[in-house]
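Asks: Before we start, here is the structure in question, set down as structure tokens.
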Amino acid sequence: MQTILIIDDEWSIREVTTLMLEKAGYKAVSAASAADGLAALDAQDIQLVIIDVVLPGKNGLELALEVNQRKPGVPIMLMSGRISTDADSIQNFTGHFGIVCSLAKPFTPDQLLLAVKKALASSC
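Residues in the sequence shown are numbered from 54 upward in steps of one, following the working numbering.
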């Protein structure tokens, strides 16, 4: 079973995303902060990290860089409720630092699962 780490400060996003992933047969681990996410990354065998771009303390791009330094080769998917305003930043980093794709919030279960499948295959 593949394990996916979700790092988002919004409880509702973490819960819904976890439920969608678990229903699809993935193991989901969630964290509310960059520090908690890094601790989970170090403690578990993670196959994909989904990171919200806007996090308190450390933004998603900074966190992606640290995730990539700790676990090179683990794909990273960025998500944001402001994809239209964050698009340039996200686009500039996609393909670098382990970031393989992005996902706009809100998303449907089908959109999430397709993005996860592509991210795990690194074919976004």
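All C-beta atoms, glycine included, are put in the ideal place defined by N, C-alpha and C.
DSSP three-state call for THR70: helix, strand or coil?
Replies: Locating residue 70 in the sequence shown gives position 17, counting from the first residue. DSSP places THR70 in helix when its eight states are reduced to three.
Asks: Would the stretch 70-86 and the stretch 153-166 be scored as touching if the rule is three or more Cβ pairs under 8 Å?
Replies: Taking 8 Å as the limit for Cβ pairs, the verdict is that the stretch 153-166 does touch the stretch 70-86.
Asks: Could you pull the DSSP bridge partners for SER65 from this structure?
Replies: Translated into positions along the sequence shown, residue 65 becomes position 12. Answer is none; SER65 lacks a bridge partner.
Asks: Run through DSSP, which three-state label would ALA81 get?
Replies: Position 28 of the sequence shown, counted from the first residue, corresponds to residue 81. Three-state DSSP puts ALA81 in a strand.
Asks: Nearest to SER65 by CA position, among ASN121, SER83 and LEU94, is which residue?
Replies: In the sequence shown, counting from the first residue as 1, residue 65 sits at position 12. When each option's Cα is compared against that of SER65, the closest is SER83.
Asks: Is GLN55 a contact residue of the ligand GTP, with contact defined as CB to any heavy atom under 7 Å?
Replies: Ligands in the displayed structure: none, and consequently the ligand GTP is not present.
Asks: Can you give the Cα-Cα distance for VAL169 and CYS154, rounded to whole angstroms?
Replies: In the sequence shown, residue 169 corresponds to position 116, counting from 1. In the sequence shown, residue 154 corresponds to position 101, counting from 1. So the two alpha carbons sit approximately 9 Å from each other.
Asks: With DSSP as the reference, identify every bridge partner of LEU101, one or two as the case may be.
Replies: Within the sequence shown, residue 101 is the residue found at index 48, counting from 1. Answer is ILE57.
Asks: Tell me the residue span of the alpha helix (DSSP H) that contains VAL169.
Replies: In the sequence shown, counting from the first residue as 1, residue 169 sits at position 116. VAL169 -> alpha helix (DSSP H) spans 162-173.
Asks: Just mark ARG67 as buried or exposed, buried being the case when its beta carbon has 16 or more other beta carbons within 10 Å.
Replies: Translated into the one-based positions of the sequence shown, residue 67 becomes position 14. Buried is the call here.
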